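The structure appears below as C-alpha cells.
Protein chains: 2
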Amino acid sequence: MRLYTYFLPKENIETHKYYIVIDTLRATSSIATALSVGCDSITIVNNPEKAFELKGEHTLLLGERNAMKISGFDYSNSPSEILKNAAHFKNKKIILCTTNGSKSLLLANSKGITIAASLINLKAVLQYLLTRKIDDIGIICSGTDGNVSLEDVFTAGRLLSVLSKQDITYFNDESYIALNMANIPHARILQYSIHAQKLKKMGLDKDLTMCFNESLFNVVPISKMNKNEFKSKIDI
Amino acid sequence: MRLYTYFLPKENIETHKYYIVIDTLRATSSIATALSVGCDSITIVNNPEKAFELKGEHTLLLGERNAMKISGFDYSNSPSEILKNAAHFKNKKIILCTTNGSKSLLLANSKGITIAASLINLKAVLQYLLTRKIDDIGIICSGTDGNVSLEDVFTAGRLLSVLSKQDITYFNDESYIALNMANIPHARILQYSIHAQKLKKMGLDKDLTMCFNESLFNVVPISKMNKNEFKSKIDI
Chain G
27 MRLYTYFLPK ENIETHKYYI VIDTLRATSS IATALSVGCD SITIVNNPEK AFELKGEHTL
87 LLGERNAMKI SGFDYSNSPS EILKNAAHFK NKKIILCTTN GSKSLLLANS KGITIAASLI
147 NLKAVLQYLL TRKIDDIGII CSGTDGNVSL EDVFTAGRLL SVLSKQDITY FNDESYIALN
207 MANIPHARIL QYSIHAQKLK KMGLDKDLTM CFNESLFNVV PISKMNKNEF KSKIDI
Chain S
27 MRLYTYFLPK ENIETHKYYI VIDTLRATSS IATALSVGCD SITIVNNPEK AFELKGEHTL
87 LLGERNAMKI SGFDYSNSPS EILKNAAHFK NKKIILCTTN GSKSLLLANS KGITIAASLI
147 NLKAVLQYLL TRKIDDIGII CSGTDGNVSL EDVFTAGRLL SVLSKQDITY FNDESYIALN
207 MANIPHARIL QYSIHAQKLK KMGLDKDLTM CFNESLFNVV PISKMNKNEF KSKIDI
C-alpha cells in the first residue's frame with residue numbers, strides 16, 4: 027500500500043487512485059453532517075459568485091469567509107447549524123464555499139476519486155477503504171490560510187494509525203509525522219489548535235464539540251474524479 | 027516568547043527577530059562542521075553560476091545537486107568530507123550551494139538575523155538563544171524538493187523541547203506538531219526519513235552518522251540580516 031500525506035494542498039502532489047481530503051474545522055465535517063441528515067449531494071465552489079450562479083430549485087448555499095456566514099447564503103459552514111436545521115436539508119443539493127476546504131477538495135477532485143474525511147466520519151471512511159482494499163491513497167490536509175492545521179494532521183494521524191497496519195510499500199515523511207500524533211487526547215488538540223482557539227473565541231463551541239465527536243456519523247462522502255459531486259457511498 | 031515553526035520555506039512567513047534555519051541532511055550540518063574546523067565564513071548561493079562568480083583567493087566552493095558534488099566545485103555538501111579535509115578549510119571563505127538549504131537560508135536572511143541549526147550543533151544554538159533571552163523566533167525547516175522532511179521537523183522538535191519551557195505567548199500548530207516528535211529515537215528518524223534512506227543507498231552512511239551525532243560541535247553559525255555571511259558566534 028502506498029500512503030502519502032500532504033499537510034497542505036499544493037500543485038505538485040503525486041497521482042493517487044484515491045484522495046482523502048481533511049478539513050476537520052469545518053468543511054469536511056459539514057459535508058459528512060449534511061449527507062447524514064439526508065441532503066442529496068454537495069458541490070464545491072471556491073468563490074461566492076460561482077455559488078450564486080449554481081443556485082436553483084432545491085439548492086442550499088453553504089459557506090463562510092473568515093469563519094462567518096457569507097452574505098446571501100442560506101447557512102454557514104457549520105455542522106451544528108446543519109444538524110439543528112436537519113429537516114431543511116432533506117433531498118437538497120448543497121453548494122459549499124469555504125476558505126480552505128474548497129481549495130483542497132477541488133484540487134483533489136481534479137486529480138482522482140475524492141473522499142471527504144473528518145473525525146466525525148472516521149470509522150466509516152476507514153471501513154470503506156479497507157473493505158475495498160484501496161492500496162494507493164493521498165491524504166490532503168486543508169490547513170488554515172496556507173498554514174498547517176494541527177487538527178487536520180491529527181485527523182490524518184487517526185486514519186493512518188489504522189491504514190498503516192496494512193502492507194506498506196511507500197510511506198512519506200508527512201505520513202510518519204501525522205501517525206505520531208494519533209494518540210494525543212482530543213482535548214489537547216482543541217487546546218493547541220490555533221484555528222480551534224479562534225472558533226472558540228467566536229462562540230462556536232458547539233461546532234468544536236461536534237467536529238471532535240469521533241465517528242458520530244456513518245457516512246462516506248465521495249465524488250468521482252472531476253465530477254465535483256459528493257454523495258454518500260456511491261459505487262466506484 | 028513567540029515561537030513559530032515552518033515545515034517548509036515559503037514566502038508569506040511572519041517577521042521575527044531571529045530565524046533558525048534547519049537542513050539536517052545536510053546543509054546546516056555542513057555549515058556547522060566547516061566553521062568548527064576553522065573556516066572564516068560561509069556565503070550561500072542558490073545556483074552554481076553565482077558560486078563561480080564569487081570564487082577568489084582563499085575561497086572553496088561547496089555544493090551538491092541531487093546529493094552529488096557539483097562539477098568544478100571543491101567539495102560536496104558533506105560534513106564527513108569537510109571533517110576529513112579539515113586542514114584545507116582553515117581560514118577559507120566558503121561558498122555553499124545546495125538544493126534545499128540555500129533556498130531557506132537565503133529566504134530567512136532576507137527577513138532577519140539567521141542562525142544555521144542542525145542536530146550537530148543543537149546545544150550551542152540553544153545556549154546562544156537562552157543566554158540572550160531571544161523572545162521571537164521563527165524556525166524554518168528546509169524540506170526536500172518541496173516536501174516536508176522528517177529529520178528537519180525532528181530537529182525543530184529537539185530545539186522546541188527546550189525553548190517551549192520559557193514563557194510562551196504564541197506557539198503555532200507546526201511548533202506543536204514538531205514538539206511532539208522530540209522524543210523519538212534518532213535511529214527511527216533515520217529509518218523513516220525518505221531523504222536519509224536515499225543518502226544511505228548512495229553510500230553516504232558517514233554523513234548520516236555525523237549529522238545525527240547530537241551536539242558534536244559547539245558552534246553557532248550566524249549572519250546579520252541581508253549580510254549572507256555566516257560566522258561563528260558573532261556579536262549582534
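As you go down the protein sequences, you meet chains G and S in turn.
Positions 27 to 262 (my numbering) are the ones given, in order, by the first sequence.
Positions 27 to 262 (my numbering) are the ones given, in order, by the second sequence.
Ideal placement from N, C-alpha and C gives every residue a C-beta, glycine not left out.
The model shown is predicted, which means the values in this text are computed figures rather than measured ones.
- Chain S has no Cβ within less than 9 Å of the Cβ of G/S168.
- For the segment 41 to 52 of chain G, there are no residues whose beta carbon sits under 8 Å from a beta carbon of chain S.
- Per DSSP, reduced to three states, the secondary structure at G/C237 is helical.
- In terms of beta-carbon proximity, S/N38 lines the interface with chain G, with at least one pair separated by less than 9 Å.
- The three-state reading of DSSP puts G/P74 in helix, counting H, G and I together.
- For S/F197, DSSP records a beta bridge to S/L29.
- Residue pairing by DSSP places S/V47 opposite S/A142, S/I166 in a beta bridge.
- Three or more beta-carbon pairs separated by less than 8 Å link the segment 58 to 67 of chain G to the segment 106 to 118 of chain G, which places the two stretches in contact.
- Beta-bridge partners assigned by DSSP to S/P247: S/S258.
- If you compare the alpha carbons of G/E255, G/T31, G/T41 with that of G/G138, the shortest gap goes to G/T41.
- Following the DSSP letters along the chain, one finds G/T85 inside the beta strand (DSSP E) bounded by residues 85 to 91.
- Remark: three or more beta-carbon pairs, one from each stretch, lie closer than 8 Å, so the segment 66 to 77 of chain G and the segment 115 to 127 of chain G are flagged as touching.
- Against chain G, the CB of S/L88 has no partner CB under 9 Å away; the residue lies outside that interface.
- Counting only the Cα atoms, G/L29 lies some 28 Å from G/S67.
- Judged by DSSP in its simplified three-state form, S/I96 adopts coil rather than helix or strand.
- For G/N206, a Cβ of chain S is located within less than 9 Å of the residue's own Cβ.
- Interface with chain G (9 Å Cβ-Cβ cutoff): S/N173 is included.
- One alpha carbon belongs to S/Y45, the other to S/S168, and they sit about 12 Å apart.
- Just measuring C-alpha positions, the residue of S/N198, S/N92, S/I48 sitting nearest S/M27 is S/N198.
- Taking 8 Å as the upper bound on Cβ-Cβ separation, chain S lies near residues F197, N198, D199, E200, Y202, I203, N206, M207, I210 of the segment 183 to 210 of chain G.
- At a cut-off of 4 residues, the continuous stretches assigned as alpha helix (DSSP H) that sit fully inside the segment 100 to 135 of chain S are 105 to 110, 112 to 115.
- Using a CB distance cut-off of 9 Å, S/S219 counts as an interface residue toward chain G.
- Against chain G, the beta carbon of S/F238 has no neighbour under 7 Å; the closest one sits roughly 16 Å away.
- Residue-level contact by beta carbon fails for S/V63 and chain G, as no gap is shorter than 9 Å.
- Counting C-beta pairs with one atom in each stretch, the segment 160 to 179 of chain G and the segment 128 to 135 of chain G have three or more that are closer than 8 Å, which means they touch.
- The Cβ atoms of G/A150 and G/N244 sit closer than 9 Å to each other.
- G/V179 belongs to the set of residues whose beta carbon lies under 9 Å from a beta carbon in chain S.
- By the CB criterion at 9 Å, G/S144 and G/T235 fall outside the cutoff.
- In this structure, the straight-line span from the alpha carbon of S/I96 to that of G/N209 is close to 44 Å.
- Secondary structure of S/N147 (DSSP, three-state): helix.
- With a threshold of 16 other beta carbon atoms within 10 Å, G/K159 falls short and is exposed.
- Looking at the DSSP output, S/I68 shares a beta bridge with S/I120, S/F256.
- Restricting attention to S/N103, S/P35, S/N147, S/H84, the CA atom closest to the CA of S/K232 is found in S/N103.
- Under DSSP, the beta-bridge partners assigned to G/N173 are G/T170.
- Residue nearest to S/L34 within the set S/H221, S/E200, S/D193 is S/E200 (criterion: CA-CA distance).
- Under the three-state reduction of DSSP output, S/R184 falls in the helix class.
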